[in-house]
C-alpha cells in the first residue's frame, strides 16, 4: 500500500456505459495527477490538480472528465469511451513546491469492449 | 523544453550480472532526479531520488544511482541482478512544477 488508493483495480465497460475511477490519498499532498499508460507507449499525463484547481489538461478528449472535490480525492468520469481508451490509468499525488517526487497508486486496468 | 532520455527500451542481463540502466536529462531539467520501478499491473514505486547533497544515491532493493552533472546523467545500477528485478524502470526529473518521465526501460533477467 503506497498511501494512494485507486478503485476499482479492474474495470470492463461497454462503449455506451458511464463509469468513474476514484483516487484517494491521505498523505497531506496538495497536488494530484491522472496518467494514462497504454501498452508500448510512454506515460501520458492527462490532468493536473493543484489545491483542487485544474492546472493542466493535455488535450484530453471530453469523454474523460476529471473532478477534484478536495485535496484528498480525485475522480475520472468516463463516458462513451472507445476501445483505444483501454489502458492502465494511474493516479499520483505530490506536495506542490517540494521535490520529493510523486506517490503513485496501483492503477485501474480499464478495458473498453 | 525539459526532457529525460532513457537509452534502451529493453535491457537483458543474466541473473547475478551487473545491471546498468541509462538515463540522461536535459540541462533545462532542474537537478532533482528519480528512478521508479513498475511491476506488471502495478503503479510506479520510488526506487531512489537525488535532490541535493551526495551524488551517489542508494535506494531500495540494492539499487543505486550516481548524479553526474558534467555528463547530465543519472544511471541506475545494481551489482548483482536477481530474477525479482525484472520490471519496467522509469527515470524522471523535475522540480517543484512537476516531473518529466522517460519512456521507460524494460529489464529482463535471464536465468
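Residue numbers (the numbering used here), protein chains in the order written: chain X, 1 to 113; chain P, 1 to 111. We put the beta carbon where it would ideally sit given N, CA and C, even for glycine.
9 Å Cβ cutoff, residue i in contact with chain X
i, result
"residue 92 of chain P", "yes"
"residue 67 of chain P", "no"
"residue 36 of chain P", "yes"
"residue 21 of chain P", "no"
"residue 98 of chain P", "yes"
"residue 102 of chain P", "yes"
"residue 49 of chain P", "yes"
"residue 43 of chain P", "yes"
"residue 46 of chain P", "yes"
"residue 89 of chain P", "no"
"residue 25 of chain P", "no"
Opposing strand residues paired with residue i [DSSP bridges]
i, result
"residue 66 of chain X", "X:76"
"residue 13 of chain X", "X:112"
"residue 31 of chain X", "X:50 and X:94"
"residue 99 of chain X", "None; residue 99 of chain X has no bridge partner."
"residue 87 of chain X", "X:110"
"residue 4 of chain X", "X:25"
"residue 57 of chain X", "X:47"
"residue 50 of chain P", "P:33"
Residue environment, residue i, which counts as buried when at least 16 other CB atoms sit within 10 Å
i, result
"residue 46 of chain X", "buried"
"residue 32 of chain X", "buried"
"residue 27 of chain X", "exposed"
"residue 51 of chain X", "exposed"
"residue 92 of chain X", "buried"
"residue 14 of chain X", "exposed"
"residue 9 of chain P", "exposed"
"residue 100 of chain P", "buried"
"residue 118 of chain X", "Lying before the first or after the last residue shown, residue 118 of chain X is absent from chain X, which here runs from 1 to 113."
"residue 113 of chain X", "exposed"
Residue i (DSSP reduced to helix, strand or coil)
i, result
"residue 93 of chain P", "strand"
"residue 19 of chain X", "strand"
"residue 12 of chain P", "strand"
"residue 69 of chain P", "helix"
"residue 62 of chain P", "helix"
"residue 84 of chain P", "helix"
"residue 98 of chain P", "strand"
Any chain P beta carbon closer than 9 Å to residue i
i, result
"residue 48 of chain X", "yes"
"residue 42 of chain X", "yes"
"residue 92 of chain X", "yes"
"residue 111 of chain X", "no"
"residue 82 of chain X", "no"
"residue 105 of chain X", "yes"
"residue 99 of chain X", "yes"
"residue 151 of chain X", "Nothing about residue 151 of chain X can be reported from this structure: the residues present for chain X run from 1 to 113 only."
"residue 54 of chain X", "no"
"residue 25 of chain X", "no"
"residue 12 of chain X", "no"
"residue 88 of chain X", "yes"
beta-carbon residue i near the ligand FAD non-hydrogen atom, thresh 8 Å
i, result
"residue 94 of chain X", "Absence of the ligand FAD from the depicted structure is noted, as is the absence of any ligand whatsoever, leaving it without description."
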